[in-house]
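Some notes on the structure that comes next.
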Amino acid sequence: MNAAVAWQVAEVLESGNGHIRLRFSRPDSCQRCMRGEGCGAGVFSALFSRRTTEVEMPVELEVVAGQWVRVGISTRSLALSALAVYGLPLVGFIVGTLPAYWWVNAPLWRDLLSLGGGVLVAALAWRMGDSIIRFARQPVVEPLSCRPDATKSSTI
Numbered sequence: 015m016n017a018a019v020a021w022q023v024a025e026v027l028e029s030g031n032g033h034i035r036l037r038f039s040r041p042d043s044c045q046r047c048m049r050g051e052g053c054g055a056g057v058f059s060a061l062f063s064r065r066t067t068e069v070e071m072p073v074e075l076e077v078v079a080g081q082w083v084r085v086g087i088s089t090r091s092l093a094l095s096a097l098a099v100y101g102l103p104l105v106g107f108i109v110g111t112l113p114a115y116w117w118v119n120a121p122l123w124r125d126l127l128s129l130g131g132g133v134l135v136a137a138l139a140w141r142m143g144d145s146i147i148r149f150a151r152q153p154v155v156e157p158l159s160c161r162p163d164a165t166k167s168s169t170i
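Residue numbers for the sequence shown follow the numbering used here, so the first one is 15 and each next one is one higher.
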């Protein structure tokens, strides 16, 4: 069974020794948003995200600086990564707070130890999630034959 893939276009900044450095730009125009039918995510991404993101990754693909590629990650892997980044630390925090909450009678110490235990276990869960993401993430990189904006037609 083939899994769906989420694709993003990037520009190659450097290439060599089996690694490439890519620049991902935030999409400037979503056709649905331009029609006023968007999901609203564009508003929040404009508020909180940077204009570009640079990533270095190992690739066995022959590309040159300035070339455009598309990078794909399976949606299953993407969902697993989101669960590891957000879900594991949350569950870890909750589990870390419980022992002090159950066994300490003094309210001040119970609260402080619950908070400390929650933060500690959440940090450990985050580290575990980080290693899961590295294992689960297997991006596919494919070269593009033209610039992404070259496909837009202009009318005179």
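Idealized CB from N, CA, C, for every residue including glycine. A quick note: this is a predicted structure, and the numbers were derived from the prediction, not measured.
Check: Neighbour-count burial assignment, Gly131, 16 or more Cβ in a 10 Å radius; Outcome: buried
Check: Distance between beta carbons of Gly101 and Ala136, contact taken as under 8 Å; Outcome: So it is not a contact: roughly 11 Å between Cβ atoms.
Check: First through last residue of the beta strand (DSSP E) which encompasses Leu36; Outcome: His33 to Ser39
Check: Between the CA atoms of Ser88 and Glu74 - distance to the nearest angstrom; Outcome: 19 Å
Check: Member of Arg141, Ala17, Ala98 and Val23 whose CA lies at the smallest distance from the CA of Leu158; Outcome: Val23
Check: Ser91 (DSSP reduced to helix, strand or coil); Outcome: helix
Check: Test item: CB-CB of Val19 and Gly86 under 9 Å; Outcome: yes
Check: Residues near Trp21 in its chain [Cβ-Cβ closer than 6 Å; skip 5 each side]; Outcome: Arg84 and Gly86
Check: Cα-Cα separation, Ala93 to Trp140; Outcome: 16 Å
Check: Euclidean distance between Cα positions of His33 and Pro121; Outcome: 54 Å
Check: Cα-Cα separation between Leu8 and Ile147, rounded to whole angstroms; Outcome: Residue 8 lies beyond the stretch modelled for the chain, which goes from 15 to 170, so this question has no answer here.
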